[in-house]
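Report on the structure given below.
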Amino acid sequence: MKTIGKYLKEFWKNDYNRNFYIYSVLFVAICTFLNYKFDLKTSVLDADKRNNFNLLGYTLFYAVAYYGIAVPRMFITGDKTELKNYGFWAKSFLFVFLTALVSAFNFQYKIIESFESMYERQYMNYIFFYLKRPAVLLIPLIILKLTIDFKTQGLYGLHLRNLNLKPYFTLLAFMIPLIIAASFMPDFLRTYPKFKSWTLSEQVFELPNWLAGLFFELTYGIDFVFVELLFRGMFVIGLASLVDRKAVMPAAATYVFLHFGKPVGEAISSFFGGYILGVIALYTRTIFGGVIIHLGIAYSMEITAYLQHAFKMNNS
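Take 13 as the starting number for the sequence shown in the numbering used here and just add one per residue.
Below you can see the structure in the form of structure tokens.
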């Protein structure tokens, strides 16, 4: 915890600009209000997603998030070095485009519709949803790593060198009692676990329910790794070589836009979470701190929900 606190304190000292931080909070707050007031992402961008490959719309959506912070910063702080930094513009736009491509990706639906069983279609919809991020990102990032960022460690922070695990597991230790307390709430049990295999009236692909559930949880975890690779690896570590600490705030704002369509509280908290995880990634040059926190919280919620449901079924 002290290590994380040290990173945040040092970053705040070097990065804080009152006018820019006020602008950033207002920008994110106004965008969040407009999205949930008019249901913009769900009713416009995500409308008829199965039949509409809206790559342009998603590109504009995430470009507003990223450049809506990155560009005004130059004028608010007076530091306009990035205006003529063509490497920054090319690389940041490529990352925005890849983020949009993940959201727009809809080619899996034709495969899903080929399955006869309703339960198999539902199951594969989950699986493809969680695997589309690695499917879209992995090859472009490997090419970028081999051609442009070959001097950096790992694949945009995907390495374990010099990783101190203690701060992250300490933070998780504080979170687990809160998760256990939340697991007694009806809303929690309606949401988690994400895949309730015991509700199926037939097996999917003739797999035992426990094995179908285990494979689902594996893909669920893989998606969290690639969320970190995208928002902390690409947008923070990948751009820090060009803009240093100025990579953090635009990445946090873009991370909020990813959460539009989810409960508003989750979208708001993602700004602060994205900021903190971005700072950690900047100083450690690894995404595994965020991966540990993300996976630890996600799987703790899944496990506690499984236990609660099992207890209720055994006592019903």
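Just so you know, even glycine gets a beta-carbon here, dropped at the ideal spot from N, CA and C.
In the DSSP assignment, R30 falls within the alpha helix (DSSP H) that extends over 30-50. The bridge partners DSSP lists for F272 are K274. Nearest to I124 by C-alpha distance, out of F117, F200, Y135, A116, is Y135. Between T266 and the set R173, F284, T15, M86, the nearest pair of CA atoms involves F284. Under the three-state reduction of DSSP output, L170 falls in the strand class. Exclusion of the five residues before and after F236 leaves V303, H306, L307, A310 as the residues of its chain whose Cβ lies within less than 8 Å of its Cβ. Here the alpha carbon of S126 sits roughly 44 Å from the alpha carbon of K163. In the structure shown, R297 adopts coil according to DSSP, grouped into three states. Distance check between T296 and each of I151, D256, V239, Q320 places D256 closest, using alpha-carbon atoms only. Inter-segment contact for the segment 31-42 and the segment 77-95 is present: three or more beta-carbon pairs are separated by less than 8 Å. The beta carbons of L241 and L170 sit closer together than 7 Å. Per the C-alpha coordinates, the member of A224, M197, F200, I191 positioned closest to W210 is A224. Straight-line spacing of the CA atoms in G273 and Y48 works out to 8 Å. A residue is called buried when at least 16 other Cβ atoms come within 10 angstroms of its Cβ; R173 does not meet this threshold and is exposed.
A residue is called buried once 16 or more other Cβ atoms fall within 10 Å of its Cβ, and G290 is buried on that count. Unbroken alpha helix (DSSP H) runs of no fewer than 4 residues, entirely contained in the segment 223-252, are not found.
Three or more beta-carbon pairs drawn from the segment 194-210 and the segment 314-325 are found closer than 8 Å, and the two stretches are therefore classed as touching. Selection Q165, V276, A185, S129 evaluated against G250 yields Q165 as nearest (Cα-Cα).
Under the 10 Å beta carbon count, M246 is surrounded by 16 or more other beta carbons and is classified as buried. Residues of the same chain with a CB within less than 8 Å of the CB of F23, apart from the 5 flanking positions on each side, are R257, V260, V291, L294, Y295 in chain order. Cβ atoms of F238 and L149 come within 8 Å of each other, at about 6 Å.
Excluding five sequence positions before and after L20, the CB atoms of its chain that fall closer than 8 Å to its own CB belong to I288, V291, given in chain order. The beta carbon of R145 sits closer than 6 Å to those of V114, D235, F238, all from its chain and outside the five residues before and after it, given in chain order. Between the alpha carbons of E94 and F100 lies a distance of about 7 Å.
In the three-state DSSP reduction, A112 falls in the helix class (H, G or I).
DSSP places I160 outside both helix and strand once states are collapsed to three, so it counts as coil.
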